[in-house]
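Going by full-length UniProt numbering, the sequence shown opens with residue 1, and the numbers climb by one from there.
Positions of the beta carbon are idealized from the N, C-alpha and C atoms, including for glycine.
Keep in mind it's a predicted model, so treat the numbers as computed, not measured.
Here is the structure we will look at.
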Amino acid sequence: MKRLSHINSLLTVALFLLTMGSQTVNGQGKGSTNNIYARDNLVAWCIVPFDVKERGPEERAQMLNTLGITKLAYDWREKHIPTFDAELDALKKHNIDLQAFWLYSGPNPETDKGLLAVLDVLKRHNVKTQIWCMIGGIKGLDAMTQDEKIKAVAKPVRYIADKAAEIGCTVGLYNHGGWFGEPENQLAIIDFLKKPNIGIVYNFHHAEEQIDRFPVFLPKMLPHLMALNLSGLKRGTPVKVVPIGQGDAELNMMRILKASGYRGPIGIINEETAPDAEVGLRMNMDGLKRELKKMGDSAALKTYN
């Protein structure tokens, strides 16, 4: 049985590599760019449940066209599952790439109806994308040793990654606080599993306790970095998440990122910015332009004219 399981695992990896072609986990292959802060490299994020207007798929796609944003990372709640197909249809109609599909799962993803719905819609539409994944609900995690924690979290991640590989998708471990949200722990999970379709999605808006460590762990994270989402960060006790350009920490972090050689997508969020998703995205785009001016990034600035 162990030999059969090993063979099945190898076949899954081979299928993934054949399906993905030139696309890579860390974004340095297909679609990579030297101009990471350009408008056409921006990904809209946190605009589905965080929108007082509760736009539907068609309205949301039209809004992104108006803003000149060509990529969407799709966050959802259970009530949005019936509109998954309409969302993908609208994105295709309006020439918007589905950069990622969000997923929150637990210790037993094989029974997770949300995971099944996500995999099903992506397979039926033949969409190969990133799955931004959070794992929670593992009982007794705090009392475990570090090795036990890695193995406990790696178990559901392995299942999700294998299922994603079968349809040509990658999995990004998404930092959202707690043990799972620490980059060093995510790197340990990746090293333990050694699967080619697992990477990291890093969020400034969940980096409050990681600002000073960012230059230290970024080089270690970089080979696995699939996407990075910007926000403003204002130092204090506690650190506050604010729109881009209204903090005092994000500019230096953005400079470090650009100098690092990262070439993947850049997300802008609306989670804590404004009730209206369009207003929030505009605020962050305006703040980003001010930071780009300070950075002297004229090439990126030209794309917003």
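Contained beta strand (DSSP E) runs [length at least 3] in the region 144 to 220, N- to C-terminal order: 170 to 174, 198 to 203
State yes or no: is the C-beta of Val52 within less than 7 angstroms of the C-beta of Pro275? yes
Are there 16 or more other CB atoms within 10 angstroms of the CB of residue 306, so buried, or fewer, so exposed? Lying outside 1 to 305, the shown extent of the chain, residue 306 is not represented and no answer is given.
Simplified DSSP state of residue 343, which is helix, strand or coil: Nothing in the structure corresponds to residue 343, since the chain is present only between 1 and 305.
Residues in the same chain with beta-carbon distance under 7 angstroms from Leu119, minus the five sequence neighbours each way, listed in chain order, please. Same-chain partners within the cutoff: Lys163, Ile167.
Helix, strand or coil: which one does DSSP assign to Phe50? coil
Identified DSSP bridge partners for Gln62: DSSP lists no partner for Gln62.
From Cys169, Met134, Ser298, residue whose alpha carbon lies closest to that of Lys155: Met134
For Ala299, is the classification buried or exposed, using 16 other Cβ atoms within 10 angstroms of its Cβ as the cut-off for buried? exposed
DSSP state of Ala38 mapped onto helix, strand, coil: coil
Counting C-beta neighbours from all protein chains within 10 Å, is the total for Thr70 16 or more, i.e. buried, or is it exposed? Buried, because 16 or more other Cβ atoms sit within 10 Å of the Cβ of Thr70.
Going by beta carbon distance, what residues of the same chain come within less than 7 angstroms of Glu58, once the five residues before and after it are set aside? Ala90
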